[in-house]
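Working notes, structure below.
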Amino acid sequence: MSTTYPTTIGRPSPATTHPTPAPGRLAAAYRRQGARRELRRDLLTVAGWSIVAGSVALFLADGGMTQFGTIGDAVTSLGIIAGLVATALMCLMLLLTARVPVIDQTLGQDRATSLHATIGRGMVFGLLAHGVLLLLGYSFTGRITPIKTFTGLWADSTDFRWAVLATAMLAVVGISSMVAVRRKYPYEAWFAIHLTTYAAIAASLPHQFSMSGLFAEGKLERTFWMLLLFATGAAMLAFRVILPVISTLTHRLTVTAVTPVGPDAVSIEVTGRKLDTLGARGGQWLNWRFLTPALALQPHPFSLSADPTDRTMRITVRDLGAGTARLQHLKPGTKVAVEGPYGMFTDAARTRDKVVLVGAGIGIAPIRALLESTSFAPGHAVVILRAHTADELYLVDEIRTLCAQRGAGLHLLVGPRAWDSWVSTSYAGAQLTDFAPWVREADVFVCGPNAWMDAVLANARECGIPASQVHDERFTW
Amino acid sequence: MSVAEGAPDRVRGATRHVFTAMGTGISLAVAGDLPAGAVAAVEDAFETLDDRFSLYKPESEATAVARRVLPVEQASREFQETYALAERWSVRTGGAFRSHRPDGSVDLNGVVKALAIRRAGEALLARGVTDWCLNAGGDVLTNGAQGDGMPWVVGIVDPTDRQALLTQFTCSAAYPAVATSGTTERGEHVWRTHEELPERQFVQVTVAAPDIVTADVLATAILAGGQATLERALEQWPLHVIAAEAGGGFLATEAFRA
Amino acid sequence: MSTRRTSAAALASVGILATGWGIGTAHGKTLTSTTATGTGASTTTAAGTTSKTTTGAAAGTTSGTTSGTTTGTTSGTTSGSTAGSATYVGSRQSDRWGSLQVTVTVTSGKITPITYTTTAGDGKSLSIEARATPTLKSEVLAAQSAQVSSVSGATYTSAKYLTSLQSALDQIG
Chain S
10 MSTTYPTTIG RPSPATTHPT PAPGRLAAAY RRQGARRELR RDLLTVAGWS
60 IVAGSVALFL ADGGMTQFGT IGDAVTSLGI IAGLVATALM CLMLLLTARV
110 PVIDQTLGQD RATSLHATIG RGMVFGLLAH GVLLLLGYSF TGRITPIKTF
160 TGLWADSTDF RWAVLATAML AVVGISSMVA VRRKYPYEAW FAIHLTTYAA
210 IAASLPHQFS MSGLFAEGKL ERTFWMLLLF ATGAAMLAFR VILPVISTLT
260 HRLTVTAVTP VGPDAVSIEV TGRKLDTLGA RGGQWLNWRF LTPALALQPH
310 PFSLSADPTD RTMRITVRDL GAGTARLQHL KPGTKVAVEG PYGMFTDAAR
360 TRDKVVLVGA GIGIAPIRAL LESTSFAPGH AVVILRAHTA DELYLVDEIR
410 TLCAQRGAGL HLLVGPRAWD SWVSTSYAGA QLTDFAPWVR EADVFVCGPN
460 AWMDAVLANA RECGIPASQV HDERFTW
Chain A
10 MSVAEGAPDR VRGATRHVFT AMGTGISLAV AGDLPAGAVA AVEDAFETLD
60 DRFSLYKPES EATAVARRVL PVEQASREFQ ETYALAERWS VRTGGAFRSH
110 RPDGSVDLNG VVKALAIRRA GEALLARGVT DWCLNAGGDV LTNGAQGDGM
160 PWVVGIVDPT DRQALLTQFT CSAAYPAVAT SGTTERGEHV WRTHEELPER
210 QFVQVTVAAP DIVTADVLAT AILAGGQATL ERALEQWPLH VIAAEAGGGF
260 LATEAFRA
Chain F
41 MSTRRTSAAA LASVGILATG WGIGTAHGKT LTSTTATGTG ASTTTAAGTT
91 SKTTTGAAAG TTSGTTSGTT TGTTSGTTSG STAGSATYVG SRQSDRWGSL
141 QVTVTVTSGK ITPITYTTTA GDGKSLSIEA RATPTLKSEV LAAQSAQVSS
191 VSGATYTSAK YLTSLQSALD QIG
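Written out as structure tokens, the structure reads:
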């Protein structure tokens, strides 16, 4: 493999060092890798849908199909089904944010998180439908008004009161997560509200025991739901709490160097023990907690900007706001806690033997790491960097050197943006195929500001590049 | 008012058969002839249910379940169905009617006697006996009419003087069943679920309903649950009710008012 | 989403739902578990348990997941005519907790309902009394002992039966 830049202590990490196979073998190897990932995606998708279908099917198998005779019954049964689906979706949501390795290695954690948000909308809707339909159904059957049904249930059952509270809490969480609302207040506030999800789940449990057949003894539903809930809880505990704690204690990361790279960015080098067991690859990101009083509560997702070695990792951080501003002045010797590594913006996402790497702004950092860690034959790789000014071309010297050494083409698109496109005015009208005519048989990795990435992806579609070959990493929270 | 006075000829018109089952006296009055097979069938209805559900019989299935040596899921189908029926009634009455004792053990007594009455009634009808009055320990189910065409009339015991009648109910095709639940005979066997002023608590509840299980369960439920349960029951089922309060007052529907 | 993935997920979901449906509607669970002959009591009792019972003040209301409870309206059928009587199995109605059905035997022109629906077929033969009003003892309908053929009181034991009013009635008969 090539040498790493800047010079680091330690040997290249075995996780990313691999001899470049002969060109023919490279294509086949990457295709196989791609096929395996597709298969994993299929299996996970089928599993997810099966869990939801299964939760309804168990209800039907238990005689739920006989409950549609009258309007009241039918509405009630639909309400029950809505509740079952919402609960199943909730488990899937939690699994998606649990940072389960196989999910990360298949979807990429960023995709998983955005899928979590999408399902979340469905779940909140399902919960509301559950409540409304059941109220209506009971009212039809009992021939009383919905209000009376509600007050009757409220008066009779503390479990019901908790369930109503849970619904209200989840609705608040949902609203606070809506993009339009989220922008108005800081991340910490949003995070605190989001944490109340756990309290809401706990509050909803009593009514699931006393007012539903979910946990009826001797029934298959009981096994199903207990397994599902247990697996979800175990996954969250293991991968979000236990594993990161073990990682932090094992690797004992410390900041060793903070080097300016351009007027508004620094490269932070972090040293630790046994980083080969951490298994990070170039292009992956971790959640970094720098353990100073001011920063300890803020986890930052940053991508590695160089291939990690068995002793060091490097990130490059641009000053984009309050949190990152403080990091510009980080002191060497600061201890670091990490969660991760996460992400499929790596060699592991490759499906073809050719590759195009496109980066803008601080998104150049993982592009730079990927350039070092992914395999290609000379002439089969192109790097495209976009920046408004030359100052924004972070790590461009390292990239230039790597491209020269490895035989990758390099294009720098500097200057004002050409209307809404992804290129600069000097390249106005250019498409990906202009930079790499074979781009349809290549993997395309894109990282940068979201709006710009959307433009690149749109162009990738126009060029006819299959979606499975286009890889992007986003950091919206 | 004592019943010993009055017109015995009315009563004499009926053939009566009395026997003991389920720890209480069962009285069957039939207008007209009472075929022998019918009597045996009625007695059998009570016996077979008692064998399965009596908590006073150590070898009964109910005893095994109550002691938790037999889980409900492994009990007989009839037991499970009866259990489910009791559970449903528990839900319908908002918990005022209970299928479990306070210690958590299963107790289906609340429905079993009424089920036996119902089954006995079906047996009578199946044998062509259509005019009868069956009284099992104070729960009454009627069919048809007395020998002279007059309806069956059920007297309600006065809770303060058990040798006197408080009031009466005239049975009809729509309301053939009358059940009374009280605390005065066996003591407090009903566990109260709602807080109420002592003088407002019910000491006896009589329910007339279209069906004996409904009547029996609701009489018990209303006794336990108090006025709230009474009002709920009246909203959801067609009933006639008279409930005697500890303080001496009554809550009564129209049929029981003069 | 690849076509392969979509169809796999769709097939799996549909297959699972169909299996659940099939199991649920097997064993005649859609129909009443009554005896087939006309005068059978047709209240279905469900097999299997509902949720565990809550004890104590918070008695919750269970949602209708009891298994084996019957479907709603089947139209009335006439069956089992024995001499001089006909049995009419009326419509079944399901309520939130289960369902009951009216089975009516018509004998010599007289209707004898055996079981009762929560909402009766024609709704007119049964009136729903909505109110129980406070009543003084003096306002309670007096009993006419001449008419009384049976006595309803709180359950009495065998011993107490012997001294009860009902026993007196039985002895006279």
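These protein sequences, in sequence, are chains S, A and F. Each residue of the first sequence is one higher than the one before, starting from 10 at the first, in the numbering used here. Each residue of the second sequence is one higher than the one before, starting from 10 at the first, in the numbering used here. Each residue of the third sequence is one higher than the one before, starting from 41 at the first, in the numbering used here. Glycine included, C-beta positions come from ideal geometry on N, C-alpha and C.
Every unbroken beta strand (DSSP E) inside the segment 324-387 of chain S [3 residues or more]: 344-351 and 363-369
message: Do leucine 143 of chain A and valine 191 of chain F have their beta-carbon atoms positioned less than 9 Å apart in this structure?
response: Start at 1 with the first residue of the third sequence, and residue 191 of chain F comes out as number 151. Start at 1 with the first residue of the second sequence, and residue 143 of chain A comes out as number 134. Result no, Cβ atoms of valine 191 of chain F and leucine 143 of chain A do not sit closer than 9 Å.
task: Per DSSP, which residues does valine 115 of chain A bridge with? Please list them.
output: Within the second sequence, residue 115 of chain A is the residue found at index 106, counting from 1. Per DSSP, A:His109.
task: Measure the CB-CB distance between tyrosine 201 of chain F and threonine 72 of chain A and report whether it falls below 9 Å.
output: Against the third sequence, residue 201 of chain F aligns to sequence position 161. Against the second sequence, residue 72 of chain A aligns to sequence position 63. Cβ distance not < 9 Å, so tyrosine 201 of chain F and threonine 72 of chain A don't count as in contact.
message: Which residue wins for smallest C-alpha separation from methionine 353 of chain S, given the options S:Ala211, S:Leu313 and S:Ala305?
response: Walking along the first sequence from the start, residue 353 of chain S turns up at place 344. Ranking the options by Cα distance to methionine 353 of chain S, first place goes to S:Leu313.
query: Hey, is alanine 172 of chain F's beta-carbon within less than 9 Å of any beta-carbon in chain A?
result: The residue you call residue 172 of chain F lines up with position 132 of the third sequence. Yes, alanine 172 of chain F counts as interfacial toward chain A.
query: Per DSSP, glutamine 213 of chain A is paired with what?
result: Position 204 of the second sequence, counted from the first residue, corresponds to residue 213 of chain A. DSSP output for glutamine 213 of chain A lists A:Gly191 and A:Ala253 as bridge partner(s).
message: Restricting to Cα atoms, I'd like to know which of A:Val166, A:Leu243, A:Arg25 and A:Ala49 is closest to alanine 132 of chain A.
response: Here residue 132 of chain A refers to the residue found at position 123 when the second sequence is read from its first residue. Among A:Val166, A:Leu243, A:Arg25 and A:Ala49, the Cα nearest to that of alanine 132 of chain A is on A:Ala49.
- prompt: Where does histidine 389 of chain S land, buried or exposed, given buried means 16+ other C-beta within 10 angstroms?
  reply: Residue numbering aside, residue 389 of chain S sits at position 380 when the first sequence is read from its first letter. The residue is buried, with at least 16 neighbouring Cβ atoms inside 10 Å.
task: Select from the segment 38-51 of chain S all residues with a C-beta closer than 8 Å to any C-beta belonging to chain F, and list them in chain order.
output: Glu47, Arg50 and Asp51
field: Members of the segment 177-197 of chain F near chain A, C-beta cut-off 9 Å
entry: Lys177, Ser178, Glu179, Val180, Leu181, Ala182, Ala183, Gln184, Ser185, Ala186, Gln187, Val188, Ser189, Ser190, Val191, Ser192, Gly193, Ala194, Thr195, Tyr196 and Thr197
- prompt: So is alanine 13 of chain A buried or exposed if we call it buried at 16+ other beta carbons inside 10 Å?
  reply: Here the question's residue 13 of chain A lines up with position 4 in the second sequence. Any reading at alanine 13 of chain A is ruled out, since the residue's pLDDT is 37, under 50, leaving its predicted position unreliable.
message: I want to see whether chain F comes within less than 9 Å of valine 121 of chain A, judged by CB atoms only; does it?
response: Within the second sequence, the letter at position 112 stands for residue 121 of chain A. No, because no Cβ of chain F sits closer than 9 Å to the Cβ of valine 121 of chain A.
- prompt: Helix, strand or coil: which one does DSSP assign to histidine 125 of chain S?
  reply: Counting from 1 along the first sequence, the entry for residue 125 of chain S is found at position 116. Helix at histidine 125 of chain S.
task: Could you please give me the residues that DSSP links to tryptophan 297 of chain S through a beta bridge?
output: The residue given as residue 297 of chain S occupies position 288 in the first sequence. Looking at the DSSP assignment, tryptophan 297 of chain S forms a beta bridge with S:His309 and S:Val347.
task: Return yes when the Cβ of serine 477 of chain S is within less than 9 Å of the Cβ of serine 42 of chain F, no when it is not.
output: For this step, residue 42 of chain F is matched to residue 2 along the third sequence. For this step, residue 477 of chain S is matched to residue 468 along the first sequence. Going by C-beta atoms, serine 42 of chain F is nearer than 9 Å to serine 477 of chain S.
task: Tell me, please, whether the CB atom of threonine 175 of chain F is closer than 9 Å to any CB atom in chain A?
output: For this step, residue 175 of chain F is matched to residue 135 along the third sequence. Taking Cβ atoms only, chain A reaches closer than 9 Å to threonine 175 of chain F, which makes this a yes.
- request: Compare the C-alpha of arginine 77 of chain A against each of A:Gly46, A:Ala105, A:Gly257 and A:His109 and name the closest.
  value: Counting from one through the second sequence, the residue named residue 77 of chain A turns up at place 68. Of the listed residues, the one whose Cα sits closest to arginine 77 of chain A is A:His109.
- prompt: From this set, S:Met245, S:Arg409, S:Ala211 and S:Ile89, which residue's C-alpha is nearest glutamine 141 of chain S's C-alpha?
  reply: Numbered from 1 along the first sequence, position 132 holds the residue referred to as residue 141 of chain S. Correcting the residue identity first, residue 141 of chain S is valine in this sequence and not glutamine. Checked all of S:Met245, S:Arg409, S:Ala211 and S:Ile89; the closest Cα to valine 141 of chain S is S:Ile89.
query: Between leucine 150 of chain A and glycine 130 of chain A, is the Cβ-Cβ spacing less than 9 Å?
result: Walking along the second sequence from the start, residue 150 of chain A turns up at place 141. Walking along the second sequence from the start, residue 130 of chain A turns up at place 121. Their beta carbons are under 9 Å apart, which means leucine 150 of chain A touches glycine 130 of chain A by this criterion.
- request: At 9 Å on the CB atoms, spell out the chain F contacts of alanine 129 of chain A, in chain order.
  value: If you number the second sequence from 1, residue 129 of chain A lands on position 120. Those do not exist, as alanine 129 of chain A stays about 11 Å from chain F at its closest Cβ, beyond 9 Å.
message: Short of 8 Å Cβ to Cβ, which residues in the segment 52-78 of chain A face chain F?
response: none
- request: Sort out for me which residues DSSP pairs isoleucine 35 of chain A with in a bridge.
  value: By one-based count along the second sequence, residue 35 of chain A stands at place 26. For isoleucine 35 of chain A, which the question treats as bridged, DSSP gives the partners A:Phe28 and A:Ala145.
query: Mind checking if serine 123 of chain S is an interface residue toward chain F, Cβ cutoff 9 Å exclusive?
result: Taking the first sequence and counting its residues from 1, one reaches residue 123 of chain S at position 114. Not an interface residue.
- prompt: From the beta carbon of tyrosine 201 of chain F, is the nearest beta carbon of chain A less than 9 Å away?
  reply: What you label residue 201 of chain F is simply residue 161 of the third sequence in a count that begins at 1. True, the Cβ-Cβ gap to chain A drops below 9 Å.
message: I want to see whether chain F comes within less than 9 Å of glycine 191 of chain A, judged by CB atoms only; does it?
response: The residue given as residue 191 of chain A occupies position 182 in the second sequence. For glycine 191 of chain A, the answer is yes, since a Cβ of chain F falls inside 9 Å of its Cβ.
message: For alanine 47 of chain A and arginine 136 of chain A, what's the separation of their Cα atoms in angstroms?
response: For the purposes of this step, residue 47 of chain A is identified with residue 38 of the second sequence, where counting begins at 1. For the purposes of this step, residue 136 of chain A is identified with residue 127 of the second sequence, where counting begins at 1. When rounded, the distance between both Cα atoms is 7 Å.
- prompt: Does the Cβ-Cβ distance between alanine 52 of chain F and serine 59 of chain S come in under 9 Å?
  reply: The sequence position of residue 52 of chain F within the third sequence is 12, counting from 1. The sequence position of residue 59 of chain S within the first sequence is 50, counting from 1. Taking 9 Å as the Cβ cut-off, alanine 52 of chain F and serine 59 of chain S qualify as a contacting pair.
message: If you reduce the DSSP assignment to three classes, tell me which class glutamine 440 of chain S lands in.
response: Residue 440 of chain S sits at position 431 when you count from the first residue of the first sequence. Note: glutamine 440 of chain S maps to coil in three-state DSSP.
message: Going by C-alpha to C-alpha distance, which of S:Ile255, S:Ile153, S:Val94 and S:Lys340 sits closest to leucine 137 of chain S?
response: For the purposes of this step, residue 137 of chain S is identified with residue 128 of the first sequence, where counting begins at 1. Nearest of S:Ile255, S:Ile153, S:Val94 and S:Lys340 to leucine 137 of chain S, Cα basis: S:Val94.
task: Check the DSSP bridge columns for phenylalanine 259 of chain A and list the partner residues they point to.
output: The residue labelled residue 259 of chain A in the question sits at position 250 within the second sequence. Per DSSP, A:Ala253 and F:Thr175.
- prompt: Between the Cα of threonine 175 of chain F and the Cα atoms of A:Gly257, A:Val27, A:Arg25 and A:Asp112, which residue gives the shortest distance?
  reply: Counting from one through the third sequence, the residue named residue 175 of chain F turns up at place 135. If we check each option's Cα against that of threonine 175 of chain F, A:Gly257 comes out closest.
- prompt: Under the three-state reduction of DSSP, which class applies to isoleucine 474 of chain S: helix, strand or coil?
  reply: Translated into the one-based positions of the first sequence, residue 474 of chain S becomes position 465. The answer is coil: DSSP assigns isoleucine 474 of chain S none of H, G, I, E or B.
task: Look at the alpha carbon of alanine 123 of chain A and the alpha carbon of alanine 62 of chain S, and state the distance between them as a whole number of angstroms.
output: Start at 1 with the first residue of the second sequence, and residue 123 of chain A comes out as number 114. Start at 1 with the first residue of the first sequence, and residue 62 of chain S comes out as number 53. Straight-line Cα distance between these residues: approximately 42 Å.
field: Local conformation of valine 455 of chain S per DSSP, three classes
entry: Position 446 of the first sequence, counting from 1, holds the residue named residue 455 of chain S. Strand, per DSSP.
query: Looking at C-alpha atoms only, which residue of A:Phe265, A:Pro219, A:Ala188 and A:Glu263 is the closest neighbour of alanine 230 of chain A?
result: Position 221 of the second sequence holds residue 230 of chain A. Cα-wise, what sits closest to alanine 230 of chain A is A:Ala188.
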